[in-house]
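Once you know that position 35 of the sequence shown is 348 in this note's numbering, the rest is easy, because the numbers rise by one and skip nothing.
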Amino acid sequence: MSSTNEYGGNISLAVKVIRETYKNVSLLLGEMDMVGREQGFVSLNSKFLRWKSDSYEDGWLLSNFIKLYQLEGESAGNDQVPDLKDGPVFVVEIDLEGEEEYPQITLSRFHYDLSKWERMPAISDHWLFHDPYRLENHFITEENKGLWKSKTRDKSVNRYWGLQQAVGKVIPLVGVCDAASIKGQIFESLLKLPQL
């Protein structure tokens with residue numbers, strides 16, 4: 314009988330840990346938007362992008378959160394999406410599991426033909442920004458000394474809203490814990506990503 318209570322307690326504790334983690338992620342995302350504004354970044358979406366599914370157990374738990382930014386500046390000239398700025402889209406992907414089972418943040422600069430955008434990304438458009446380093450049938454990817462590069466295959470440019478190429482790097486999530494580390498490790502790092 315005690316093992317039943319122990320197992321039940323473990324489940325309840327796991328749910329508490331997840332809830333606390335979500336609170337911390339929410340605080341981080343809110344602080345990112347504030348610090349980003351101070352650094353000249355405009356958030357393209359008020360909410361984070363995520364993948365969720367009722368059909369697959371992996372989709373029941375949110376473990377990957379994506380925020381999109383652009384630098385303040387001139388309009389991209391896209392009449393369908395007038396809020397788009399001329400220039401790259403900066404992608405901040407928080408992954409609680411990480412590729413090596415350690416929480417991480419992927420910082421990327423995505424270069425687009427922005428005339429292909431017909432609307433701003435919805436919450437469920439997570440895959441558009443999650444896939445470029447992961448799907449070899451749509452992208453040519455390479456990694457060199459911690460820097461990832463991804464070039465969209467010709468057949469997939471329209472599917473991925475005119476994405477031409479991306480460059481990014483991964484940092485540990487746990488080191489980003491306050492406004493100073495958000496500024497330095499996220500937004501200053503985004504600006505230092507090499508041009509392709």
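Don't be surprised by glycine CBs; every beta carbon is placed ideally from N, CA and C.
Quiz item: Taking the alpha-carbon positions, what's the K365 to K329 distance?
Solution: The straight-line gap from Cα to Cα measures roughly 20 Å.
Quiz item: Buried or exposed: which applies to G349, given that a residue is buried once 16 or more other Cβ atoms fall within 10 Å of its Cβ?
Solution: By the neighbour-count rule (16 or more Cβ atoms within 10 Å), G349 is buried.
Quiz item: In terms of residues, what are the limits of the beta strand (DSSP E) holding F403?
Solution: According to the DSSP assignment, F403 belongs to the beta strand (DSSP E) that extends over V402 to D408.
Quiz prompt | Simplified DSSP assignment, three categories, for Y446 | solution = In this structure, Y446 counts as helix in the three-state DSSP scheme.
Quiz item: Whose C-alpha, out of R432, W440 and I379, is nearest the C-alpha of L420?
Solution: Nearest C-alpha to L420: I379.
Quiz item: Where does S463 land, buried or exposed, given buried means 16+ other C-beta within 10 angstroms?
Solution: With a threshold of 16 other beta carbon atoms within 10 Å, S463 meets it and is buried.
Quiz item: Can you name the start and end residues of the beta strand (DSSP E) that K505 belongs to?
Solution: Unbroken run through K505 is the alpha helix (DSSP H), E501 to K505; no beta strand (DSSP E).
Quiz prompt | Residues sharing a beta bridge with A435, DSSP | solution = According to DSSP, which records beta bridges pairwise, A435 is partnered with nothing at all.
Quiz item: Which class does V330 belong to by DSSP, given the choice of helix, strand or coil?
Solution: Three-state DSSP puts V330 in a helix.
Quiz item: Between S334 and G343, what straight-line distance do the alpha-carbon atoms span, to the nearest angstrom?
Solution: For clarity, residue 334 is Thr in the given sequence; the question names Ser instead. Between T334 and G343, the C-alpha separation is close to 14 Å.
Quiz item: Does the distance from the CB of K398 to the CB of L384 come in under 9 Å?
Solution: Yes, Cβ-Cβ distance for K398 and L384 is below 9 Å.
Quiz prompt | Straight-line Cα distance separating D438 from L448 | solution = The C-alpha of D438 is placed about 16 Å away from the C-alpha of L448.
Self-check item: Alpha-carbon spacing of K468 relative to H451, whole angstroms
Solution: CA-CA distance, K468 to H451, rounds to 7 Å.
Quiz item: Whose C-beta lies closer than 6 Å to the C-beta of L427 among residues of the same chain, with five residues either side of it excluded?
Solution: Take L427, set aside five residues on each side of it, and the residues of its chain with a beta-carbon closer than 6 Å to its own are A389, N391 and L397, in chain order.
Practice problem: Compare the Cα-Cα distances from P434 to each of L362, L409 and E501 and report the closest residue. | Solution: Comparing Cα positions, the closest option is L362.
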